Amino acid sequence: MKKKLLFRFTVPFILIVLLLIVVIGISSKNTDINSQSGWVLQTNLQSQLRGRTINDMTFIDSVTGFAVTNGLSQTDTCFVFKTTNGGDNWFVNYWTNEQYSNAFYQIFFPDSNIGYICGGGGIALICKTTDRGNTWVKTNYMTTLRFKGMSCINKDTVYVINDENLTGGIFRTTNGGANWQNIYAAGQYNPYNIYMYNARIGFYSDDSRTWKTSDGGFNWTQINNKGYRDIHFLDSIVGYRISDSNGFGRIQKTLNGGINWTQQTTPNLPGGSTWNDLLKFYFINNDTIFAVGSVIEYINPLRDRGIINKTTNGGLNWGYQLPDTHTVLSFRYYHVYFKENKYGWAYMTNGYGVRTTSGGDTTYYTGINNQTTNITTDFVLYQNYPNPFNTSTKIKIQMLNQGSAEIKIFDITGKLIKVFVNQNLNSGEHTFMFNAENFASGIYFYALYINENLIDTKKLILLK
9 MKKKLLFRFT
19 VPFILIVLLL
29 IVVIGISSKN
39 TDINSQSGWV
49 LQTNLQSQLR
59 GRTINDMTFI
69 DSVTGFAVTN
79 GLSQTDTCFV
89 FKTTNGGDNW
99 FVNYWTNEQY
109 SNAFYQIFFP
119 DSNIGYICGG
129 GGIALICKTT
139 DRGNTWVKTN
149 YMTTLRFKGM
159 SCINKDTVYV
169 INDENLTGGI
179 FRTTNGGANW
189 QNIYAAGQYN
199 PYNIYMYNAR
209 IGFYSDDSRT
219 WKTSDGGFNW
229 TQINNKGYRD
239 IHFLDSIVGY
249 RISDSNGFGR
259 IQKTLNGGIN
269 WTQQTTPNLP
279 GGSTWNDLLK
289 FYFINNDTIF
299 AVGSVIEYIN
309 PLRDRGIINK
319 TTNGGLNWGY
329 QLPDTHTVLS
339 FRYYHVYFKE
349 NKYGWAYMTN
359 GYGVRTTSGG
369 DTTYYTGINN
379 QTTNITTDFV
389 LYQNYPNPFN
399 TSTKIKIQML
409 NQGSAEIKIF
419 DITGKLIKVF
429 VNQNLNSGEH
439 TFMFNAENFA
449 SGIYFYALYI
459 NENLIDTKKL
469 ILLK
């Protein structure tokens with residue numbers, strides 16, 4: 009006859025089992041953190057800047073990145089910050105308080121080992137690393153006020169620009185910074201930024217024009233009467249830029265080497281007032297592009313959230329991603345960078361940022377039903393004109409079809425102070441004159457509701 013096996017579970021044994029379960033659970037959570045989807049807020053860098061701003065940032069792999077700052081005065085210290093864990097933590101990597109060299113403006117790594125930094129204030133500054141940013145040394149440079157922009161062809165050939173009026177120009181090294189040559193004096197058209205597609209073809213922008221070279225930077229020809237904030241070419245013919253259009257950054261595309269540009273459209277988001285004002289973009293490939301700089305303003309509660317725009321068809325359609333940054337009152341991204349397609353960062357100048365390890369989040373396209381809206385965006389609320397205004401201004405809306413329309417006026421705290429329009433309207437455009445004679449000078453918001461659904465919100469500026 010077989011004996012039954014009896015298991016006696018003592019208290020210590022049970023405690024050990026429970027401890028193992030907890031450890032396994034924590035381990036699995038940590039694994040989830042390293043591979044989570046969407047965008048995750050990062051705040052460590054902001055806590056270390058102490059009022060300084062980030063002028064540029066870059067990453068050489070999925071965890072190692074750098075950010076460069078300005079100083080707070082001509083004699084203050086400017087820093088290079090480094091992260092080795094994807095931006096969760098940052099530390100001081102390099103700094104200088106050399107008098108009048110009070111800002112690092114741009115950082116670029118032509119390969120994973122060699123990198124350059126340009127900067128200055130009253131004295132120009134160029135630094136170089138050959139060991140992945142572990143150490144930095146100052147290179148020989150021309151005596152000038154500052155180098156504010158940079159473009160690297162390879163580890164040896166680097167272009168930098170001095171943007172000072174009349175004395176500004178373009179400098180080049182072909183031996184890794186050992187020697188620099190002033191190859192172009194810009195005169196009154198001082199360069200603001202520079203981009204070299206290859207050793208022959210490149211572009212620079214002054215305040216209001218775009219210039220092109222076909223001989224490596226020795227001669228430049230004006231090709232357009234608009235400057236740019238960022239620019240990238242897929243080949244010598246097809247390129248994109250973020251151009252300043254009436255004070256707003258707009259994405260434009262060229263199919264003839266920069267002679268003509270066609271403007272693309274980024275969407276207005278539902279539920280708030282969208283300010284499409286782009287600053288930077290990053291190319292994953294020829295079709296997939298991320299762009300940052302636009303903001304959506306909410307009035308209840310009053311808060312700005314940074315928008316990350318994305319296209320997967322070369323800009324034929326642009327959608328948006330809206331990272332959860334509700335704990336920060338005002339958010340606008342100035343920098344965007346990706347490595348290996350799925351590791352990405354978008355940062356503000358004050359050090360707040362977001363990171364993704366999955367290529368971003370869900371991309372929404374206006375006009376397509378999703379959880380953010382249940383009404384077509386062909387109802388349009390236009391920006392009032394004039395704005396700013398004195399006493400009266402025109403507000404125009406577009407109705408897709410007949411419906412109940414309301415235009416509500418809110419003060420800067422989000423308090424409803426007037427229902428300006430409340431009537432049934434036919435399809436088409438309708439213009440209303442808003443009289444603010446009894447309102448105090450200040451900032452107000454106006455919102456369009458169709459059949460009690462919020463369509464859009466925009467800003468009024470009353471100056472008396």
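Sequential numbering from 9 applies to the sequence shown in our numbering.
Heads up, the beta-carbon is just placed ideally off N, CA and C, and yes, glycines get one too.
No experiment lies behind these values; they were computed from the predicted model shown.
- Between W47 and P331, the beta carbon gap of about 4 angstroms places them in contact (Cβ cut-off 8 angstroms).
- Per DSSP, the beta bridge partners of K426 are I417.
- If you ignore the 5 residues before and after G322, its C-beta comes within less than 8 angstroms of the C-beta of K261, N294, D295, I297, all in its own chain and listed in chain order.
- In the DSSP assignment, Q406 falls within the unbroken beta strand (DSSP E) covering 400-407.
- With contacts defined as CB atoms closer than 7 angstroms, Q406 and V388 qualify as a contacting pair.
- At least 7 angstroms separates the beta-carbon of G314 from that of F346.
- In this model, N349 and V246 are separated by some 22 angstroms (Cα to Cα).
- Taking 8 angstroms as the upper bound for CB-CB distance, S302 and N325 are not in contact here, some 16 angstroms apart.
- For Q114, the enclosing beta strand (DSSP E) starts and ends at 112-116.
- Cβ-Cβ separation between G257 and I250: approximately 5 angstroms, consistent with a contact (criterion under 8 angstroms).
- In terms of Cα proximity to I415, the closest of A455, E445, N432, E437 is A455.
- Between W98 and F89, the gap from beta carbon to beta carbon is short of 7 angstroms.
- Here I231 is not bridged, per DSSP, to any residue.
- For secondary structure counted as the alpha helix (DSSP H) over 4 or more consecutive residues, the segment 293-357 holds no complete run.
- Counting other Cβ atoms within 10 Å of its Cβ, V344 reaches 16 or more and is therefore classed as buried.
- Taking G368 as reference, the option from T274, Y328, Y390 with the minimal CA-CA separation is Y328.
- Beta-bridge annotation (DSSP): W283 is paired with V303.
- Put simply, the backbone Cα of N52 is about 21 angstroms away from that of Y113.
- Rounded to whole angstroms, the Cβ separation of T218 and I231 is 6 angstroms, and the two are in contact under 8 angstroms.
- Within 10 angstroms of the beta-carbon of N459 lie fewer than 16 other beta-carbons, which makes it exposed.
- In the DSSP assignment, Q260 falls within the beta strand (DSSP E) that extends over 256-262.
- With contacts defined as CB atoms closer than 7 angstroms, T152 and N170 qualify as a contacting pair.
- Selection Y306, Y290, L470 evaluated against A299 yields Y290 as nearest (Cα-Cα).
- Under DSSP, K220 forms a beta bridge with F211, T229.
- In this structure, the straight-line span from the alpha carbon of K156 to that of Y355 is close to 20 angstroms.
- Secondary structure at L471: coil, using DSSP grouped into helix, strand and coil.
- S412 carries a strand assignment under DSSP once its states are collapsed to helix, strand and coil.
- Note that the C-beta distance between I403 and F447 is not below 7 angstroms.
- Within the DSSP bridge table, the entry for Y236 names S251 as partners.
- Contact between I122 and K163 holds, with the beta-carbon distance rounding to 4 angstroms and staying under 8 angstroms.
- Under the DSSP assignment, Q50 falls in the beta strand (DSSP E) whose first and last residues are 48-50.
- Taking 7 angstroms as the cut-off, the Cβ atoms of Y452 and L468 count as close.
- In this model, S449 and N443 are separated by some 13 angstroms (Cα to Cα).
- Here the alpha carbons of D215 and S159 stand approximately 18 angstroms from one another.
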